[in-house]
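Visitor: Protein chains in written order, with the numbering used here: chain A, 257 to 611; chain B, 19 to 284. Heads up, the beta-carbon is just placed ideally off N, CA and C, and yes, glycines get one too.
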Amino acid sequence: MSIEFRQVVKRVDSDTHIYETDLRLEQGGFNVLLGTTLSGKTTLLRLMAGLEAPSSGEIWFEGKNVTGVPVQKRSVSMVYQQFINYPNFNVFSNIASPLKVARVSSAEIKKKVEKIAGLLKLDNLLGRYPSELSGGQQQRIAIARALVKDSKLVLLDEPLANLDYKLREELRDEMPKLFADTGSTVVYSTTEPMEALMLGGHTATLHQGRVSQYGVTSEGYRLPDNLTSARVFSDPPINTAEVRKQGGRFFLNQKVSWLAPRSLRGLQDNIYTMAIRPHHLLLNADKSGSIRIDAKVKIAELSGSESVIHVDVDGNDWVSECHGIHPFDSGDHTEIYMQVDRCLYFDQQQQLIRG
Amino acid sequence: MKFQKLLITTLYILFLLLPIYWLVSMSFKTTNEILGVFSLWPIEFTLDNYRKIFTDPTWYNGYINSLIYVVINTVISVSVALPAAYAFSRYRFLGDKHLFFWLLTNRMAPPAVFALPFFQLYSATGLFDTHIAVALAHCLFNIPLAVWILEGFMSGVPKELDETAYLDGYSFWRFFIRIFIPTIAAGIGVAMFFCFMYSWVELLLAKTLTSVEAKPIAATMTRTASTAGYELGLLAAAGTLTIIPGAFVIYFVRNYIAKGFALGRV
Chain A
257 MSIEFRQVVK RVDSDTHIYE TDLRLEQGGF NVLLGTTLSG KTTLLRLMAG LEAPSSGEIW
317 FEGKNVTGVP VQKRSVSMVY QQFINYPNFN VFSNIASPLK VARVSSAEIK KKVEKIAGLL
377 KLDNLLGRYP SELSGGQQQR IAIARALVKD SKLVLLDEPL ANLDYKLREE LRDEMPKLFA
437 DTGSTVVYST TEPMEALMLG GHTATLHQGR VSQYGVTSEG YRLPDNLTSA RVFSDPPINT
497 AEVRKQGGRF FLNQKVSWLA PRSLRGLQDN IYTMAIRPHH LLLNADKSGS IRIDAKVKIA
557 ELSGSESVIH VDVDGNDWVS ECHGIHPFDS GDHTEIYMQV DRCLYFDQQQ QLIRG
Chain B
19 MKFQKLLITT LYILFLLLPI YWLVSMSFKT TNEILGVFSL WPIEFTLDNY RKIFTDPTWY
79 NGYINSLIYV VINTVISVSV ALPAAYAFSR YRFLGDKHLF FWLLTNRMAP PAVFALPFFQ
139 LYSATGLFDT HIAVALAHCL FNIPLAVWIL EGFMSGVPKE LDETAYLDGY SFWRFFIRIF
199 IPTIAAGIGV AMFFCFMYSW VELLLAKTLT SVEAKPIAAT MTRTASTAGY ELGLLAAAGT
259 LTIIPGAFVI YFVRNYIAKG FALGRV
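Following this line, the structure appears as structure tokens:
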């Protein structure tokens, strides 16, 4: 099902939760809404579900205006971050509930529920009650209920956020497969860029109630349209600095400069914003023309095989993410190597300069 | 240490139970024994007091009347409070917080304040001395209480449960009856218990608003002297029987009440 936001605005009292948004989500695929908390992801989902009405603008499903259509008539299912199940129904009745309401015959219900329960590894638990099950199993019930309904639009609002690491990985792997065959359009919201990349499909980046970009996930990551999208789509945060272009070179400061890529040679001399992802800042020089920058270490965080080193470069707070354990004390001076061919450049309107 | 703890607990329980024991023991004595001798247990054990209560309509009707208006009141209070509590827990509307607090203030006024207006009102409308009169009067206290308790339980249920049901295709009423009410069954139990209890023990309004037809047991029981003189044994037996329904109800809702206390609403 195609979903379209047409000049949708959502205000609550005097706060604007969603600024005027025009967005057309890809049909029958995985769509990810990526943004920090309070960026408006949940509000967009609730607008699609019909749980909230837009303050102005329209929402269209398959070329039909559904702005005023009640929740019950939208063919939408939703999975929340909290594990929401009917506590007084057992697992079977929980999964069966949308079918029962739709007056499907009980033989058909039994067939469908058993099939879905099998897919979600709930087949041994059908007689149990949600409160007797683990968080992961509870969320599986909720997902099963969303699947069994066979609705045209499935909304998943940070469905894995409350699960522990292991279960999250397991379900994240299963999720795209589960929904792939249904033909439903899936909208999945998350705060984690890595999750968006793993899920694939299309991604809309959101920031403070505005959609800053929408497109194929991997492309959006590789070439963010603007600085906001670049920031939203990076964890740890993307490093930025003002650079001066002069005579075919970019200058970070007096000492550090590098040759502009061929495609940007003709760019007007001016001040630009440069952005580089943390994993393109290395501690050792590599072959592919990285340049050396002096930096002062602020904090070094070690996470297993990775080190995240917060450094100060000319008054900019930067983060380098690199392999291996690199213990630093705060205040240490070090040199970092920037892979300049990975730099993104933004103009003064914060739009990406494409070569 | 252990001994000390045990001792304190035992003394505390003895202290609490003493008046009840005294009442029960009196109910098995004759009035003469009660007035004449100081005895820790009945010397002349008798069931006459109970026999009288179960055979004399002026006595057993008191229980029936009380039960009738208490049940009517509990049903009205809880069924009115359910939608009200739902509104308070789920919607925001103009003055909702003030209204919610105002409901509670109804419980702060002593019943005596309302006795006169109710008496006048019910006399004028011909409701005086009917069960429904007492049941309605008690709603004044019990509906706010039930709303307050139920709102606590309902707010403990995430709003997303309602939304999930709507997304599954449930209409509001179907959801409310099939899913929501079973989910907060414990809260309904607690609310019913408190309505039952307040209505059962309330004396002033029940006494003022009735004369013969709907006279509650508490009114019958608290007259100390009758035409036959003092009947303390009889009164004690009536008192003992009055405790039983409360004890019975509390036994069934004991687990839920703890939950209600935990929610800070009871």
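Could you name each continuous alpha helix (DSSP H) segment of 4 residues or more that falls completely within the segment 77-133 of chain B, going from the start of the chain to the end?
Guide: 114-123
Visitor: Would you say leucine 403 of chain A reaches chain B, if we count a Cβ-Cβ gap shorter than 8 Å as a contact?
Guide: Locating residue 403 of chain A in the first sequence gives position 147, counting from the first residue. Under the 8 Å criterion on CB atoms, leucine 403 of chain A is classed as non-interfacial with respect to chain B.
Visitor: Please confirm if serine 333 of chain A has its CB atom under 8 Å from at least one CB of chain B.
Guide: By one-based count along the first sequence, residue 333 of chain A stands at place 77. Serine 333 of chain A counts as touching chain B.
Visitor: Could you check if aspartate 289 of chain B is buried or exposed, using at least 16 other CB atoms within 10 Å of its CB as the buried criterion?
Guide: In the structure as shown, chain B begins at 19 and stops at 284. Residue 289 of chain B is therefore absent and cannot be evaluated.
Visitor: Tell me whether arginine 533 of chain A is buried or exposed, calling it buried when 16 or more other Cβ atoms sit within 10 Å of its Cβ.
Guide: Here residue 533 of chain A is taken as the residue at index 277 of the first sequence, counted from 1. Buried is the call here.
Visitor: Which residue or residues does DSSP assign as beta-bridge partners of arginine 262 of chain A?
Guide: Reading the first sequence from its first residue, position 6 is the one you call residue 262 of chain A. The partner list for arginine 262 of chain A (beta bridge, DSSP) reads A/Glu314.
Visitor: Taking Cβ positions only, does asparagine 344 of chain A come closer than 8 Å to chain B?
Guide: Within the first sequence, residue 344 of chain A is the residue found at index 88, counting from 1. Yes, contact with chain B.
Visitor: Nearest to threonine 287 of chain B by CA position, among B/Arg272, B/Val267 and B/Phe136, is which residue?
Guide: No statement about residue 287 of chain B is possible, as the shown extent of chain B runs from 19 to 284 and does not include it.
Visitor: Measuring alpha carbon to alpha carbon, tell me which residue in B/Ile202, B/Ile150 and B/Ile71 is nearest valine 175 of chain B.
Guide: By one-based count along the second sequence, residue 175 of chain B stands at place 157. Answer by Cα proximity: B/Ile202.
Visitor: On the three-pair Cβ rule with 8 Å, is the segment 425-443 of chain A touching the segment 350-364 of chain A?
Guide: no
Visitor: Contact criterion: CB-CB distance below 8 Å. Does isoleucine 565 of chain A meet it with respect to chain B?
Guide: Taking the first residue of the first sequence as position 1, residue 565 of chain A is located at position 309. By this cut-off, isoleucine 565 of chain A is not an interface position.
Visitor: In chain order, which continuous runs of the alpha helix (DSSP H) of length 4 or greater are located wholly inside the segment 340-405 of chain A?
Guide: 347-357, 362-375 and 391-404
Visitor: Consult DSSP for leucine 35 of chain B and reduce its assignment to one of helix, strand or coil.
Guide: Translated into positions along the second sequence, residue 35 of chain B becomes position 17. Looking at leucine 35 of chain B - three-state DSSP - the assignment turns out to be helix.
Visitor: Could you compute how far the alpha carbon of alanine 204 of chain B sits from the alpha carbon of alanine 99 of chain B?
Guide: In the second sequence, residue 204 of chain B corresponds to position 186, counting from 1. In the second sequence, residue 99 of chain B corresponds to position 81, counting from 1. Their Cα atoms are separated by approximately 15 Å.
Visitor: Buried or exposed: tryptophan 166 of chain B, going by 16 or more other Cβ atoms within 10 Å of its Cβ?
Guide: For the purposes of this step, residue 166 of chain B is taken as the residue at position 148 of the second sequence. Under this definition tryptophan 166 of chain B is a buried residue.
Visitor: Leucine 168 of chain B touches chain A at which residues, Cβ-Cβ below 7 Å?
Guide: To locate residue 168 of chain B, count along the second sequence from 1; it is residue 150. Correct list: empty, because the minimum Cβ distance to chain A is about 17 Å.
Visitor: I'd like to check one pair, aspartate 429 of chain A with leucine 508 of chain A: are the Cβ atoms closer than 8 Å?
Guide: As a first step, residue 508 of chain A must be located in the first sequence, where it is residue number 252. As a first step, residue 429 of chain A must be located in the first sequence, where it is residue number 173. No, the Cβ-Cβ distance between leucine 508 of chain A and aspartate 429 of chain A is not below 8 Å.
Visitor: At what residues does the beta strand (DSSP E) containing alanine 486 of chain A begin and finish?
Guide: One-based indexing of the first sequence puts residue 486 of chain A at position 230. Counting along the chain, alanine 486 of chain A falls outside any beta strand (DSSP E), though it belongs to the alpha helix (DSSP H) covering 483-488.
Visitor: Tell me the rounded alpha-carbon separation between alanine 142 of chain B and proline 135 of chain B.
Guide: To locate residue 142 of chain B, count along the second sequence from 1; it is residue 124. To locate residue 135 of chain B, count along the second sequence from 1; it is residue 117. The straight-line gap separating the alpha-carbon atoms of alanine 142 of chain B and proline 135 of chain B is approximately 11 Å.
Visitor: So, with DSSP's three-state summary, where would you put methionine 334 of chain A?
Guide: Taking the first sequence and counting its residues from 1, one reaches residue 334 of chain A at position 78. If DSSP states are grouped into helix, strand and coil, methionine 334 of chain A belongs with the strands.
Visitor: On the DSSP letters alone, give me the boundaries of the beta strand (DSSP E) that methionine 210 of chain B sits inside.
Guide: Translated into the one-based positions of the second sequence, residue 210 of chain B becomes position 192. Run containing methionine 210 of chain B: none in the beta strand (DSSP E); it sits in the alpha helix (DSSP H), 203-219.
Visitor: On the three-state DSSP scale, how would you describe valine 322 of chain A?
Guide: Residue mapping note: residue 322 of chain A aligns to position 66 of the first sequence, counting from 1. Of the three classes helix, strand and coil, the one that applies to valine 322 of chain A here is coil, per DSSP.
Visitor: With 8 Å as the limit, tell me which residues of the segment 172-194 of chain B have their beta carbon closer than that to any beta carbon of chain A; keep them in chain order.
Guide: Pro176, Glu178, Leu179, Glu181, Thr182, Ala183, Tyr184, Leu185, Asp186, Gly187, Tyr188, Ser189 and Arg192
Visitor: Pull up the distance between the alpha-carbon of threonine 299 of chain A and that of asparagine 380 of chain A, whole angstroms please.
Guide: Against the first sequence, residue 299 of chain A aligns to sequence position 43. Against the first sequence, residue 380 of chain A aligns to sequence position 124. Straight-line measurement puts the Cα of asparagine 380 of chain A at about 36 Å from the Cα of threonine 299 of chain A.
Visitor: Going along chain A, which residues have a C-beta under 8 Å from threonine 201 of chain B?
Guide: Position 183 of the second sequence, counted from the start, is the residue given in the question as residue 201 of chain B. Near threonine 201 of chain B (Cβ distances below 8 Å), the residues of chain A are Tyr342, Pro343 and Asn344.
Visitor: So isoleucine 197 of chain B contacts chain A; which residues on that side make the cut at Cβ distance below 9 Å?
Guide: Here residue 197 of chain B refers to the residue found at position 179 of the second sequence. Correct list: Tyr342, Pro343, Asn344, Phe345 and Ser353.
Visitor: Applying the 10 Å Cβ sphere with the 16-neighbour rule, what's the burial state of leucine 515 of chain A?
Guide: Numbered from 1 along the first sequence, position 259 holds the residue referred to as residue 515 of chain A. By the neighbour-count rule (16 or more Cβ atoms within 10 Å), leucine 515 of chain A is not buried but exposed.
Visitor: With a threshold of 8 Å, are at least 3 pairs of Cβ atoms found where one atom belongs to the segment 549-558 of chain A and the other to the segment 40-53 of chain B?
Guide: no
Visitor: Does DSSP put lysine 408 of chain A in a helix, a strand or coil?
Guide: Locating residue 408 of chain A in the first sequence gives position 152, counting from the first residue. Three-state DSSP puts lysine 408 of chain A in coil, outside helix and strand.
Visitor: Could you list the residues in the segment 355-366 of chain A with a C-beta less than 7 Å from some C-beta on chain B, going in chain order?
Guide: If the cut-off is 7 Å between Cβ atoms, the segment 355-366 of chain A has Val357 and Ala358 near chain B.
Visitor: Along chain B, in chain order, which residues have C-beta atoms closer than 8 Å to that of valine 327 of chain A?
Guide: Position 71 of the first sequence, counting from 1, holds the residue named residue 327 of chain A. Near valine 327 of chain A (Cβ distances below 8 Å), the residues of chain B are Glu181, Tyr184 and Leu185.
Visitor: For glycine 457 of chain A, which residues does DSSP report across the bridge?
Guide: Translated into positions along the first sequence, residue 457 of chain A becomes position 201. In DSSP, glycine 457 of chain A forms no bridge with anything.
Visitor: Rounded to the nearest angstrom, what separates leucine 53 of chain B and methionine 210 of chain B at their Cα positions?
Guide: Translated into positions along the second sequence, residue 53 of chain B becomes position 35. Translated into positions along the second sequence, residue 210 of chain B becomes position 192. Each residue's alpha carbon lies about 40 Å from the other.
Visitor: Determine which residues share a DSSP beta bridge with serine 327 of chain A and list them.
Guide: Counting from 1 along the first sequence, the entry for residue 327 of chain A is found at position 71. Note on residue identity: the sequence assigns valine, not serine, to residue 327 of chain A. BP columns for valine 327 of chain A are empty, so no partner.
Visitor: Ends of the beta strand (DSSP E) at leucine 53 of chain B?
Guide: Taking the second sequence and counting its residues from 1, one reaches residue 53 of chain B at position 35. That residue, leucine 53 of chain B, is in no beta strand (DSSP E); its alpha helix (DSSP H) goes 49-54.
Visitor: What's the gap between the Cα of aspartate 278 of chain A and the Cα of glutamine 263 of chain A?
Guide: Here residue 278 of chain A corresponds to residue number 22 of the first sequence, with the count starting at 1. Here residue 263 of chain A corresponds to residue number 7 of the first sequence, with the count starting at 1. Taking the straight line from one Cα to the other gives about 5 Å.
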